[in-house]
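S.K.: Sequence positions in the sequence shown follow this note's numbering and run 24 to 401.
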Amino acid sequence: MTKLRYAVPCLFGLEGLAAEELRRLNMEDVRAENGRVTFSGPPEDLARALLWLRTGERVLVELGRFPAKSFEELFEGVRRTPLAELIPRDGAFPVKGYCLDSQLMSVPDCQAIVKKAAAKALGAAYGLNWLPETGALFQLQFAIMNDTAALYLDATGPGLHKRGYRAVGNAAPLRETLAAALVMLSRYRGREVFFDPFCGSGTIPIEAALIAKNRAPGLKRTFSAEHFPWLPQSAWTQARAEARDREFHGQYRILGADIDENAVSLAAANARKAGVGELIDFSRADAVRSPLPAEAGILIGNPPYGERMLERREAQRLYTALGRHLGGTDWSIYLLAAEPEFEHYFGRRADKRRKLYNGRIQCACYMYSPKGRKEEKP
Ligand SMILES: C[S@@+](CC[C@H](N)C(=O)[O-])C[C@H]1O[C@@H](n2cnc3c(N)ncnc32)[C@H](O)[C@@H]1O
């Protein structure tokens, strides 16, 4: 197999960072689009992309693209896609997908048509009337947009944000991909003091530690593509060995704090699970009262935001107290907040801001350069 085309869906606002990651991995023909990035390469590139991507949600292999104004066109498009090149005789091929701004808008109907057409294509290729689907998972995904269908094979399994270190059940955690994006925006590489005063379950300091160590975020988990017969095991062995070789073993000063004692214990447990427990100091502290841990450094956090009115007012008061506490310091500050008037309450206009989505919640990262210093390019 020579070259394949891949798509990496990502949270809105993170396309540029995901594209930058892929270019740094030397992937070919990287293009950032709305909500996703595409690139090309041999199957071996899949293993490296899956292991290394910090800001992408998953990696999909593009199987085909065709007009789909009607169910007939959708069926024919899928049936003509050479699925047997990538899906073996016993592969299980469930189908999911979405429709947007198209004549075909019923997802369950399109799902049924794609399944039927895929079964027809594979049945014809393998000379079978009935496909056993007893083997490995080959999750198919369709996206019908503006009457054009794209068909993908998901190489990921659970989303890439599932690095395998976070316990379930903690309140309002930040998605790992978004936490990594905030750290990447700050250009932190392990040299400065790093501090998250609202650490919650520890996602931001943990992602910072993984970045400081240059640890591939997927090193401790598995992917659907590990069962793809056309992606040799040697590609995985090589990609994992390369990732281990590229890891740094320096001294870092990374701190996380939270007002909630339970959050502090949870964050420490998550960090240990991520293999960076010894690199991060977690403590209980009030972000608007406790002294900062150093004269200067990088401070990143997502303070609480209230959804109900009373909580919202409380959050606004916290931003004001935080603005007073952090004003005039030599720290580079990055705060993620959903409050549209954040700068007003914080008491300072941000030097830069970037619109992002935390799940479905629109928010922004407000960036403040150290006082008196010329703005650094994020
Ligand atoms: C939105 S959550 C942060 C989520 C975190 N980034 C994560 O990934 O789990 C906000 C956190 O701020 C903490 N918090 C609220 N008020 C605080 C204060 N005055 N000082 C420090 N932490 C505070 C809450 O306990 C909560 O854990």
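Glycine included, C-beta positions come from ideal geometry on N, C-alpha and C.
If you're wondering where the values come from, they're calculated on a predicted model, not measured in any experiment.
Could you work out which residue in Phe251, Tyr211 and Phe221 is closest to Leu233 when comparing CA atoms only?
M.R.: The residue given as residue 233 occupies position 210 in the sequence shown. Among Phe251, Tyr211 and Phe221, the Cα nearest to that of Leu233 is on Tyr211.
S.K.: According to DSSP, is Gly87 part of a helix, a strand, or is it coil?
M.R.: Within the sequence shown, residue 87 is the residue found at index 64, counting from 1. It is a strand residue.
S.K.: In three-state DSSP terms, what is Glu249?
M.R.: Here the question's residue 249 lines up with position 226 in the sequence shown. Correct three-state label for Glu249: helix.
S.K.: Going by Cα to Cα distance, which pick from Pro393, Arg103 and Gln339 is closest to His367?
M.R.: Reading the sequence shown from its first residue, position 344 is the one you call residue 367. Here the closest residue by C-alpha is Gln339.
S.K.: Quick test of your reading: Pro370 and Gly346, contact by CB under 8 Å. State the CB separation rounded to the nearest angstrom.
M.R.: Working through the sequence shown from its first residue, we reach residue 370 at position 347. Working through the sequence shown from its first residue, we reach residue 346 at position 323. Correcting the residue type first, residue 370 is Gly in the shown sequence and not Pro. About 4 Å separates the two Cβ atoms, so the contact holds.
S.K.: Touch check for the stretch 217-226 and the stretch 273-288: three-plus C-beta pairs under 8 Å?
M.R.: yes
S.K.: Going by DSSP, what residues sit across from Asp353 in a beta bridge?
M.R.: Counted from its first residue, the sequence shown places residue 353 at position 330. Answer is Ala319, bridged to Asp353.
S.K.: For Gln164, which three-state DSSP category applies?
M.R.: Mapped onto the sequence shown, residue 164 falls at position 141. It is a strand residue.
S.K.: Nearest-angstrom Cα distance between Pro240 and Ala317?
M.R.: Counting from one through the sequence shown, the residue named residue 240 turns up at place 217. Counting from one through the sequence shown, the residue named residue 317 turns up at place 294. Distance between the alpha carbons of Pro240 and Ala317: 28 Å.
S.K.: Please report the Cβ distance between Ala55 and Gly36, rounded to the nearest whole angstrom; I am assuming they are in contact, meaning their Cβ atoms lie under 8 Å.
M.R.: Translated into positions along the sequence shown, residue 55 becomes position 32. Translated into positions along the sequence shown, residue 36 becomes position 13. With 8 Å as the limit, Ala55 and Gly36 do not qualify as a contact, their Cβ atoms being about 11 Å apart.
S.K.: Give the range of the alpha helix (DSSP H) segment to which Tyr380 is assigned.
M.R.: Here the question's residue 380 lines up with position 357 in the sequence shown. Segment Lys375 to Asn381 is the beta strand (DSSP E) holding Tyr380; no alpha helix (DSSP H) there.
S.K.: Taking a contact to mean a Cβ-Cβ separation below 7 Å, would you say Thr61 touches Ala30 in this structure?
M.R.: Taking the first residue of the sequence shown as position 1, residue 61 is located at position 38. Taking the first residue of the sequence shown as position 1, residue 30 is located at position 7. Their beta carbons are under 7 Å apart, which means Thr61 touches Ala30 by this criterion.
S.K.: Whole angstroms are fine: how far does the CA of Leu315 sit from the CA of Phe217?
M.R.: Here residue 217 is taken as the residue at index 194 of the sequence shown, counted from 1. Here residue 315 is taken as the residue at index 292 of the sequence shown, counted from 1. Spanning the two alpha carbons is a distance of roughly 11 Å.
S.K.: With a threshold of 6 Å (Cβ to nearest heavy atom), would Leu197 be considered close to ligand 1?
M.R.: Counted from its first residue, the sequence shown places residue 197 at position 174. At a cut-off of 6 Å, the beta-carbon of Leu197 counts as near ligand 1: some heavy atom of the ligand is closer than that.
S.K.: What is the C-beta distance between Ala290 and Phe271, in whole angstroms, given that I count them as a contact (C-beta under 8 Å)?
M.R.: Walking along the sequence shown from the start, residue 290 turns up at place 267. Walking along the sequence shown from the start, residue 271 turns up at place 248. With a Cβ gap of about 22 Å, Ala290 and Phe271 do not count as contacting.
S.K.: Using DSSP with H/G/I as helix, E/B as strand and the rest coil, what is Met24?
M.R.: For the purposes of this step, residue 24 is taken as the residue at position 1 of the sequence shown. Reduced to three states, the DSSP call for Met24 is coil.
S.K.: Does the distance from the CB of Tyr328 to the CB of Glu362 come in under 7 Å?
M.R.: Residue 328 sits at position 305 when you count from the first residue of the sequence shown. Residue 362 sits at position 339 when you count from the first residue of the sequence shown. Closer than 7 Å, so yes.
S.K.: Using 8 Å as the threshold, is the stretch 134-143 in touch with the stretch 153-170, meaning 3 or more CB pairs across them?
M.R.: yes
S.K.: Mapping the DSSP letters down to three states, classify Pro401 as helix, strand or coil.
M.R.: Counting from 1 along the sequence shown, the entry for residue 401 is found at position 378. Reliability of the predicted coordinates at Pro401 is poor, the pLDDT of 49 falling under 50, and no value is obtained from them.
S.K.: Please list the terminal residues of the continuous beta strand (DSSP E) segment that includes Gln385.
M.R.: Locating residue 385 in the sequence shown gives position 362, where the first residue counts as 1. Unbroken beta strand (DSSP E) run through Gln385: Ile384 to Tyr391.
S.K.: Looking at the unbroken beta strand (DSSP E) that takes in Glu56, where does it start and where does it end?
M.R.: Against the sequence shown, residue 56 aligns to sequence position 33. Glu51 to Glu56 is the extent of the beta strand (DSSP E) around Glu56.
S.K.: Considering only C-alpha positions, which residue in the set Gly120, Lys92, Val206 and Cys33 is nearest to Leu127?
M.R.: Numbered from its first residue, the sequence shown carries residue 127 at position 104. The option with the nearest alpha carbon to Leu127 is Lys92.
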